[in-house]
Structure formats: C-alpha cells, structure tokens
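Asker: Those letters in the sequence shown? Residues 261 to 337, by my numbering.
From the three backbone atoms N, C-alpha and C, an ideal C-beta is built for every residue, glycine too.
All of these numbers come straight from a predicted model, not from anything done at the bench.
The structure under discussion is supplied below as structure tokens; questions concerning it will follow.
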Amino acid sequence: MHAFLVTLLVIVSIALIVVVLLQSGKSAGLSGAISGGAEQLFGKQKARGIDLILHRITVVLSVLFFLLTLAVTYFKI
C-alpha cells in the first residue's frame, strides 16, 4: 500500500510541475506580481480557454498532492 501511494505521489508531483510550467505568466516583474495578485483576488481578470483548464487541473492536482502526502505519512510502517 505504501509503495503504491508513493508511486502515485511521484506521478501527481510530476504532473503538477508540468501543469504549472505550462501556465502563462500573468505579470512582468515584482510590481506586476503585487498588482496582479490584487487583480486576481478581486476578479478583474477572467481566465479563458486553456488558462482556465490549466488552472482547474492545477487545483485538482494540488489537492491530490496534499491528500497523498497525508496518506503516505499515515500508512508508513
């Protein structure tokens, strides 16, 4: 069970890295990071098309990553 969970965790980790790297950058530099975060928070930018799909896949993979790490530590013998 532990080996299966670790293997699944590695696959989810690699998939999460790939999906994050496929996403397009939303800002340019440090000043864009501050204002871009505020725009994202208040919903001024709407994700469309592939960006929306990649965002949803990232959320799902990150939740899976979190749950799998908890399961690996729980089932470790």
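Give a yes or no on whether the C-beta atoms belonging to Val279 and Leu328 are separated by under 8 Å.
Answerer: No, Cβ-Cβ distance for Val279 and Leu328 is not below 8 Å.
Asker: Where does Arg308 fall in DSSP's three states?
Answerer: Three-state result, Arg308: coil.
Asker: Roughly how many whole angstroms lie between the Cα atoms of Val266 and Leu276?
Answerer: So the two alpha carbons sit approximately 15 Å from each other.
Asker: Using a threshold of 8 Å, state whether the C-beta atoms of Phe335 and His262 are closer than that.
Answerer: Yes, the pair counts as a contact, with Cβ atoms nearer than the cut-off.
Asker: Taking the alpha-carbon positions, what's the Gly285 to Leu269 distance?
Answerer: Distance between the alpha carbons of Gly285 and Leu269: 26 Å.
Asker: Taking the alpha-carbon positions, what's the Gly309 to Ser322 distance?
Answerer: Each residue's Cα considered, the two are about 20 Å apart.
Asker: Over the uninterrupted alpha helix (DSSP H) stretch that includes Ser273, give me the two end residues.
Answerer: Looking at the DSSP string, the run of the alpha helix (DSSP H) that includes Ser273 is 262 to 282.
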